[in-house]
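Each remark here refers to the structure printed beneath this line.
Numbering (the working numbering), first residue to last: 51 to 175.
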């Protein structure tokens, strides 16, 4: 009978220790969840304001998000140099004609394309 009482007492002791461990784990989990909630709230409230300044101008960054094709003048360095060398002394119509005379058909640009490119370039300065 003494062995049975001892076994019951040992079992009670083990159950008490297990309950203490569960309570400690629950408290630890509660503290971790509270800290996580505070961190999430802080990042939502202040995170957008705390974005770092971009080293690249916003317009250059947005250029990569535009739909459609890139401007042919902006992507063809030889064409761009050709136009820049003549833009101060020719009209857009004359410039388009010189481009047509000098470049193959797949690299030609129209008068309106040159005008749009020139306007955007002046606005980006």
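Even glycine gets a Cβ: it sits at the ideal position worked out from N, Cα and C. These numbers come from a predicted model, not from an experiment.
- For residue 149, the enclosing alpha helix (DSSP H) begins and ends at 142 to 152.
- Secondary structure at residue 158: coil, using DSSP grouped into helix, strand and coil.
- Between residue 162 and residue 122, the CB-CB gap reaches or exceeds 8 Å.
- Spanning the alpha carbons of residue 168 and residue 105 requires a straight line of approximately 25 Å.
- Per DSSP, reduced to three states, the secondary structure at residue 120 is coil, with no helix or strand assignment.
- The Cβ-Cβ distance between residue 157 and residue 129 falls below 8 Å.
- The beta carbon of residue 172 lies closer than 8 Å to none in the same chain, with the five residues before and after it left out.
- Straight through space, the alpha carbons of residue 95 and residue 73 are spaced by roughly 33 Å.
- The C-beta of residue 61 has fewer than 16 other C-beta atoms within 10 Å across all chains shown, which makes the residue exposed.
- Within a 10 Å sphere around the beta-carbon of residue 133 sit 16 or more other beta-carbons, which makes this residue buried.
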